[in-house]
Amino acid sequence: MTDVSVPKLIQGNQACSYGAIAAGCRFFAGYPITPSTEIAETMALELPKYGGKFIQMEDEIASISAIIGASIAGSKAMTATSGPGFSLMQENLGYAYMAEVPCVVINVMRGGPSTGLPTKVSQADVMQANWGAHGDYYPIVLSPSSVSECFDITVRAFNLSERYRCPVIILSDEVIGHMREMVSLPDFSSVEMIERQRPNVPPEWYKHFLITHDFTSPMASFGEGYRFHLTGLTHDEFGLPTSDNIEIAKKLGKLKLKIERHLSDISQVNTYKIEDAHIVILAYGSVARAARQAVLLSRKKRFKAGLFQPITLWPFPDRQLRQISRKADLIVVAELNQGQIINEVRRVCKSHSKVVGLNRYDGELITPEQILEKIKEEHR
Amino acid sequence: MQKSDVTHQYLRHTMEFPNVWCPGCGIGIVLGAFIRAVDRLHISKDDLALVSGIGCTARIPAYVDFNTLHTTHGRPIAFATGVKLANPKLKVVVISGDGDILAIGGNHFIHACRRNIDITVVVVNNYIYGMTGGQYSPTTPMGKRASTAPYLTVEPPFDTCNLAISSGATFVARSTVYHATQLSSLIEKALVKKGFSVVEAMSNCHTQYGRLNREGTAVRMIQAFKNVAVPVSTAAKLSPEKLEGKIVIGVLHDIERPEYIEHYQKIIDRLQLPKMADKEEKE
Numbered sequence: 001m002t003d004v005s006v007p008k009l010i011q012g013n014q015a016c017s018y019g020a021i022a023a024g025c026r027f028f029a030g031y032p033i034t035p036s037t038e039i040a041e042t043m044a045l046e047l048p049k050y051g052g053k054f055i056q057m058e059d060e061i062a063s064i065s066a067i068i069g070a071s072i073a074g075s076k077a078m079t080a081t082s083g084p085g086f087s088l089m090q091e092n093l094g095y096a097y098m099a100e101v102p103c104v105v106i107n108v109m110r111g112g113p114s115t116g117l118p119t120k121v122s123q124a125d126v127m128q129a130n131w132g133a134h135g136d137y138y139p140i141v142l143s144p145s146s147v148s149e150c151f152d153i154t155v156r157a158f159n160l161s162e163r164y165r166c167p168v169i170i171l172s173d174e175v176i177g178h179m180r181e182m183v184s185l186p187d188f189s190s191v192e193m194i195e196r197q198r199p200n201v202p203p204e205w206y207k208h209f210l211i212t213h214d215f216t217s218p219m220a221s222f223g224e225g226y227r228f229h230l231t232g233l234t235h236d237e238f239g240l241p242t243s244d245n246i247e248i249a250k251k252l253g254k255l256k257l258k259i260e261r262h263l264s265d266i267s268q269v270n271t272y273k274i275e276d277a278h279i280v281i282l283a284y285g286s287v288a289r290a291a292r293q294a295v296l297l298s299r300k301k302r303f304k305a306g307l308f309q310p311i312t313l314w315p316f317p318d319r320q321l322r323q324i325s326r327k328a329d330l331i332v333v334a335e336l337n338q339g340q341i342i343n344e345v346r347r348v349c350k351s352h353s354k355v356v357g358l359n360r361y362d363g364e365l366i367t368p369e370q371i372l373e374k375i376k377e378e379h380r
Numbered sequence: 381m382q383k384s385d386v387t388h389q390y391l392r393h394t395m396e397f398p399n400v401w402c403p404g405c406g407i408g409i410v411l412g413a414f415i416r417a418v419d420r421l422h423i424s425k426d427d428l429a430l431v432s433g434i435g436c437t438a439r440i441p442a443y444v445d446f447n448t449l450h451t452t453h454g455r456p457i458a459f460a461t462g463v464k465l466a467n468p469k470l471k472v473v474v475i476s477g478d479g480d481i482l483a484i485g486g487n488h489f490i491h492a493c494r495r496n497i498d499i500t501v502v503v504v505n506n507y508i509y510g511m512t513g514g515q516y517s518p519t520t521p522m523g524k525r526a527s528t529a530p531y532l533t534v535e536p537p538f539d540t541c542n543l544a545i546s547s548g549a550t551f552v553a554r555s556t557v558y559h560a561t562q563l564s565s566l567i568e569k570a571l572v573k574k575g576f577s578v579v580e581a582m583s584n585c586h587t588q589y590g591r592l593n594r595e596g597t598a599v600r601m602i603q604a605f606k607n608v609a610v611p612v613s614t615a616a617k618l619s620p621e622k623l624e625g626k627i628v629i630g631v632l633h634d635i636e637r638p639e640y641i642e643h644y645q646k647i648i649d650r651l652q653l654p655k656m657a658d659k660e661e662k663e
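Chains A and B, in that order, give the protein sequences.
Take 1 as the starting number for the first sequence in my numbering and just add one per residue.
Take 381 as the starting number for the second sequence in my numbering and just add one per residue.
This is the structure in structure tokens:
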């Protein structure tokens with residue numbers, strides 16, 4: 001059992017595992033892959049102490065299948081992987097969006113494409129996290145930038161997942177996953193926990209995909225007397241397959257609206273010295289740490305810089321960024337890829353701010369000095 | 381009429397009928413055999429989870445009134461593993477075709493056999509991908525025609541049961557849709573078995589496999605099973621040459637081995653003990 005009373009020096013990956021357990025996760029299925037393996041190892045060690053179960057599956061496809069199955073049977077469930085494994089999971093992630101099954105998937109990003117750089121950092125899976133599976137769907141994707149955020153964000157991922165009955169993806173990265181920091185974990189029993197809505201009707205009235213006023217649906221588990229059907233085929237409110245065009249539009253509309261109508265709950269951003277900033281550094285994950293330092297360096301050089309850090313990467317925090325960008329002459333988007341989230345920033349800011357990218361894709365971190373240099377270069 | 385009422389009690393009457401299967405398809409016989417086995421064992425509908433993948437056979441769950449899960453292609457055993465681990469009280473059954481279980485799902489199949497997790501898998505083997513239009517599967521015999529083998533197959537097939545036995549399944553049986561009563565009793569035995577159990581149900585696809593290989597109507601194909609089926613006891617006395625082209629039916633394998641969840645639960649129970657001791661101390 002984790003003694004939570006004393007601050008501990010732990011890794012981001014471990015913090016994700018503790019966060020999951022604190023949030024009520026009692027099932028983990030995974031497959032070893034650098035740099036996410038410590039999450040599985042910690043779950044293998046800790047879960048049985050809490051009465052939960054860990055299983056090492058034969059591959060990542062089996063891992064995500066198993067967590068979806070476990071969630072359907074009533075357990076809060078999670079898997080963790082990195083790029084190649086995340087690619088393998090895409091089809092069944094799509095299944096979980098379609099069948100509206102809560103679960104949490106952590107992708108500790110490493111360099112790609114393909115086997116890429118197993119031990120080096122990258123943020124090149126940001127677009128994949130949004131568009132990886134086929135079809136229209138609206139993923140919730142969260143990005144931590146410190147060890148303590150790994151804990152908090154994993155808790156939040158479970159809560160959002162249970163609340164909106166969908167997978168929630170955590171995009172961590174190699175630096176955040178492997179970095180060690182001193183953290184004081186909260187007492188697990190004090191952590192705010194959201195449970196999935198339960199049906200309050202007799203089984204014969206139960207619709208597994210009932211369209212309610214806020215587009216979320218209560219969820220029964222297998223074995224509770226509510227016998228229902230789940231399928232990846234487009235289905236009606238009972239879950240039975242349909243090819244009726246009205247039913248199809250209703251279902252796909254629901255998938256969109258249950259996210260869109262709750263953006264204020266789902267979207268989360270952190271800002272730092274943003275109030276008077278004319279220069280905005282937009283960064284997430286490990287880069288947000290350098291960006292925070294770059295804000296201080298810039299201010300010493302009399303640049304009024306501030307940090308805009310989306311915690312929720314998807315759905316992209318349009319509203320919050322638009323507000324900030326009205327005052328900004330320059331937005332520097334720093335990311336460890338060839339330019340992914342910058343396209344969202346350009347879309348949101350249109351013409352009112354100058355948007356420039358600072359990109360690094362050589363397996364190394366962006367430094368605060370590089371960000372300052374970029375600001376000097378671009379700010380006239 | 382009285383007899384068919386048993387199956388009717390388990391059908392989901394909200395589903396649109398007629399079903400998706402071709403007239404004469406053996407999948408209906410397998411479904412009937414399965415329902416009768418469940419009925420004889422008095423398993424409550426609430427306590428059974430039926431999981432399938434993709435394909436003709438995989439459409440079964442939608443029609444029956446259990447906890448039903450129609451998953452992605454090849455993955456039903458992996459989904460079922462999660463369902464069973466999260467709620468071990470559920471009787472978890474996977475029912476899917478030869479392509480789903482043995483090609484795209486082959487890896488999950490052998491690993492589930494190895495783990496010996498308490499799940500029953502019914503593999504409906506009709507030698508072909510029916511739904512997509514007659515492509516050869518991992519069980520199509522050599523020298524047969526398929527839409528993707530216009531010059532006859534050149535790949536040797538898997539023997540589903542041998543694969544299951546050598547991978548560690550603790551109960552393995554086979555029957556055909558001609559031997560519907562035996563098939564049902566084998567599924568019943570598999571459901572009772574504590575451990576990973578596999579029943580291979582040989583079935584006819586006259587629409588695709590039969591048509592391409594000139595094996596005739598549904599009736600002729602089902603009758604053919606009668607002629608090639610050899611009971612396990614008889615097969616034991618026959619030479620491999622004499623067994624060429626035959627289908628051995630009956631219980632092929634039935635052993636005892638520690639079941640995965642029971643084993644894991646012991647670990648959980650052991651780890652709970654110190655916590656309880658702590659509490660007592662404090663009190």
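Ideal Cβ placement from N, Cα and C applies to all residues, glycine included.
A quick note: this is a predicted structure, and the numbers were derived from the prediction, not measured.
- DSSP, read as helix, strand or coil, puts Ser145 (chain A) in coil.
- Boundaries for Trp205 (chain A): no beta strand (DSSP E) harbours it, and the DSSP string shows neither H nor E there.
- Within 10 angstroms of the beta-carbon of Val104 (chain A) lie 16 or more other beta-carbons, which makes it buried.
- Within chain B, the residues Leu465, Tyr644 have their CB atoms less than 7 Å from the CB of Lys53 (chain A), given in chain order.
- In the three-state DSSP reduction, His633 (chain B) falls in the strand class (E or B).
- By the criterion of at least three beta-carbon pairs nearer than 8 Å, the region 506-516 of chain B is in contact with the region 574-587 of chain B.
- Residue ranges of uninterrupted beta strand (DSSP E) with 3 or more members, entirely inside the region 172-200 of chain A and ordered along the chain, are 180-183.
- The Cβ-Cβ distance between Ile169 (chain A) and Pro139 (chain A) falls below 8 Å.
- For Gly223 (chain A), the chain B residues whose C-beta falls within less than 8 Å of its own C-beta are Asp426, Asp427, Ala429, Asn447, Asn467, Lys469, Leu470, listed in chain order.
- Membership of Leu307 (chain A) in any alpha helix (DSSP H) is not indicated; the residue belongs instead to the beta strand (DSSP E) covering 305-310.
- Contacts between Lys49 (chain A) and chain B, judged by CB atoms closer than 7 Å, involve Leu651 in chain order.
- Restricting attention to B:Val578, B:Ile647, B:Asn505, the CA atom closest to the CA of Ile627 (chain B) is found in B:Asn505.
- A direct Cα-to-Cα measurement between Ser546 (chain B) and Ser432 (chain B) gives close to 23 Å.
- C-alpha of Ile61 (chain A) to C-alpha of His208 (chain A): approximately 25 Å in a straight line.
- Within 10 angstroms of the beta-carbon of Trp314 (chain A) lie 16 or more other beta-carbons, which makes it buried.
- Scanning chain B for C-beta atoms nearer than 8 Å to the C-beta of Phe238 (chain A) yields Thr394, reported in chain order.
- In the structure shown, Tyr516 (chain B) falls within a strand segment according to DSSP collapsed to helix, strand and coil.
- Chain B places no beta carbon closer than 8 Å to that of Asp136 (chain A), leaving this residue out of the contacts.
- One alpha carbon belongs to Gln340 (chain A), the other to Ala305 (chain A), and they sit about 22 Å apart.
- By the Cβ criterion, the region 16-35 of chain A is in contact with the region 135-152 of chain A, since at least three pairs of Cβ atoms, one from each stretch, lie closer than 8 Å.
- Within chain A, the residues Gly69 have their CB atoms less than 8 Å from the CB of Ala460 (chain B), given in chain order.
- In the three-state scheme derived from DSSP, where H, G and I count as helix and E and B as strand, Lys626 (chain B) is classed as coil.
- For Phe414 (chain B), the enclosing alpha helix (DSSP H) begins and ends at 407-420.
- Fully contained in the region 24-105 of chain A are the following alpha helix (DSSP H) runs of length 4 or more, in chain order: 37-46, 60-72, 83-99.
- A contact between stretches requires three or more CB pairs, one per stretch, nearer than 8 Å, and the region 68-77 of chain A fails this requirement with the region 111-127 of chain A.
- Residue range 456-466 is occupied by the alpha helix (DSSP H) that includes Gly462 (chain B).
- Under a criterion of Cβ atoms nearer than 8 Å, the residues of chain A adjacent to Arg455 (chain B) are, in order, Ile61, Ala62, Ser65, Asn92.
- Counting of Cβ neighbours within 10 angstroms places Asp276 (chain A) among the exposed residues, the total staying below 16.
- DSSP, reduced to helix, strand and coil, places Thr234 (chain A) outside both helices and strands of the structure shown, so it counts as coil.
- Ranked by Cα distance from Tyr272 (chain A), the first of A:Ile266, A:Leu282, A:Leu263 is A:Leu282.
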